[in-house]
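K.L.:
Count the sequence shown with numbering that gives the first Met the number 0 and you get residues 0 to 239, in order.
All C-beta atoms, glycine included, are put in the ideal place defined by N, C-alpha and C.
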Amino acid sequence: MKKLKIIFICIFAATMANCFAQSVSGKVIYKIQLVGYGADSKDPEFTKLNEATVEIANKQTCTLQFNSTQSSSILDKYLISDAENNGLRKMARTMAFIVTNESDYFFDKHTNTAIKREDNGKLIKKTHEKLEWEISSESKIIDNYLCYKATYFMKFVNRLGVNTSIPITAWFNPSLPYAYGPKYFNGLPGLILELVDRETTFYATSIEIFTDKELEIDFPKGKTISAEVYEKEIKTQMGM
Numbered sequence: 000m001k002k003l004k005i006i007f008i009c010i011f012a013a014t015m016a017n018c019f020a021q022s023v024s025g026k027v028i029y030k031i032q033l034v035g036y037g038a039d040s041k042d043p044e045f046t047k048l049n050e051a052t053v054e055i056a057n058k059q060t061c062t063l064q065f066n067s068t069q070s071s072s073i074l075d076k077y078l079i080s081d082a083e084n085n086g087l088r089k090m091a092r093t094m095a096f097i098v099t100n101e102s103d104y105f106f107d108k109h110t111n112t113a114i115k116r117e118d119n120g121k122l123i124k125k126t127h128e129k130l131e132w133e134i135s136s137e138s139k140i141i142d143n144y145l146c147y148k149a150t151y152f153m154k155f156v157n158r159l160g161v162n163t164s165i166p167i168t169a170w171f172n173p174s175l176p177y178a179y180g181p182k183y184f185n186g187l188p189g190l191i192l193e194l195v196d197r198e199t200t201f202y203a204t205s206i207e208i209f210t211d212k213e214l215e216i217d218f219p220k221g222k223t224i225s226a227e228v229y230e231k232e233i234k235t236q237m238g239m
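(1) Is ILE8 helix, strand or coil when you go by DSSP?
(2) Count the other CB atoms within 10 Å of the CB of GLU215; is the residue buried (16 or more) or exposed (fewer)?
(3) Let me know the secondary structure DSSP gives ILE233 once reduced to three states.
(4) Is it the case that the segment 222 to 231 contacts the segment 166 to 185, given that we only count it when at least three CB pairs across the two stretches are under 8 Å?
(5) Name the residue from PHE184, GLU128, LYS139, ASP118 whose alpha carbon lies nearest to the alpha carbon of THR248.
(6) Would the segment 92 to 106 and the segment 193 to 210 be scored as touching if the rule is three or more Cβ pairs under 8 Å?
(7) Use the C-beta contact count for SER164: other C-beta atoms within 10 angstroms, 16 or more gives buried, fewer gives exposed.
(8) Provide the residue span of the alpha helix (DSSP H) that contains LEU48, from first to last.
(9) What does DSSP give as the partner residues of MET94 in its beta bridges?
(10) Please name the residue, chosen from SER174, THR52, ASP211, that lies closest to SER24 on a Cα-to-Cα basis.
(11) According to DSSP, GLY25 sits in a beta bridge with which residue or residues?
(12) Indicate whether SER72 and ASP107 have their beta-carbon atoms separated by less than 8 Å.
(13) Check ALA178 in the structure and name its three-state DSSP category.
(14) Buried or exposed: which applies to LYS182, given that a residue is buried once 16 or more other Cβ atoms fall within 10 Å of its Cβ?
(15) Could you pull out every residue in the same chain whose Cβ sits closer than 6 Å to the Cβ of ILE206, ignoring the five residues on either side in sequence?
(16) Might you give, ordered along the chain, the residues of its own chain that have their beta carbon closer than 7 Å to the beta carbon of LYS129, omitting 5 neighbours on each side?
(17) Sorted by chain position, which residues of the same chain lie with C-beta nearer than 6 Å to LYS125's C-beta, five sequence neighbours on each side aside?
(18) From LYS58 to GLN69, what does the alpha carbon distance come to, in whole angstroms?
(19) Tell me whether the beta-carbon of LYS121 lies closer than 8 Å to the beta-carbon of TYR229.
(20) Taking Cβ to Cβ, would you say PHE45 is nearer than 8 Å to PHE218?
(21) Do PHE65 and TYR177 count as a contact pair if the criterion is CB distance below 8 Å?
(22) Less than 8 Å separating the beta-carbons of LEU33 and ALA51?
(23) Where do the ends of the beta strand (DSSP E) carrying THR168 lie?
(24) Could you give the residue range of the beta strand (DSSP E) that holds GLU193?
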């Protein structure tokens, strides 16, 4: 019965999303929380580095903006001061960006393409990947919104050359029928209010929905390269 109920809710939400697609846009701010990073470290120096990394990472927020056809997910670093550019704090700052995946993501539904903006300013153009979410009947209340759990298994090849996967957990609200979320995690029949990506959790702290205007999504301008070319550049820099 629960499974039938969640399927009905998702279908309803998807229908509502199509109905409102022409007039609704929104802005969501997510607080970033790095949990459990480096907790098993035994080395005092690494412990200091890990603690600084967590502190700096947790000063970040992520801003999602969307309209009927486009979205942008941008990592906000304005809470990180220039004092983080020295010594151990500088290394921790770099680690914080890496662990929370610092890439900004811009998505266009019409062309099913996306642009990733790396922390070094490189613009990578790619085909947007449709994520295969597994939606369950498990639910919880987030800031007075009834949310349902969905899981995406991100597949990759580890350092040993073995195919494996990591579960990414999203909690979405069908009454906000907008298929968006932080970073590139979207495609659910409802707005993602919480996302757990390995050790990084995104919590929605501010939600604004506009029914009387369409937000303009500012895609970055400049030369773009393919993901394959960028990967080769990184390997060359690393001497691989």
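P.N.:
In terms of the structure at hand:
(1) Below a pLDDT of 50, predicted positions are generally treated as unreliable, and ILE8, at 46, falls in that range; the measurement from the model is reported next regardless. Of the three classes helix, strand and coil, the one that applies to ILE8 here is helix, per DSSP.
(2) exposed
(3) helix
(4) no
(5) In the structure as shown, the chain starts at 0 and stops at 239, and residue 248 therefore has no counterpart that could be examined.
(6) yes
(7) exposed
(8) 43 to 56
(9) Beta-bridge pairing links MET94 to no other residue.
(10) ASP211
(11) PHE65, ILE208
(12) no
(13) coil
(14) buried
(15) VAL27
(16) GLY186
(17) ALA113, ALA226
(18) 27 Å
(19) yes
(20) no
(21) yes
(22) no
(23) 162 to 172
(24) 190 to 196
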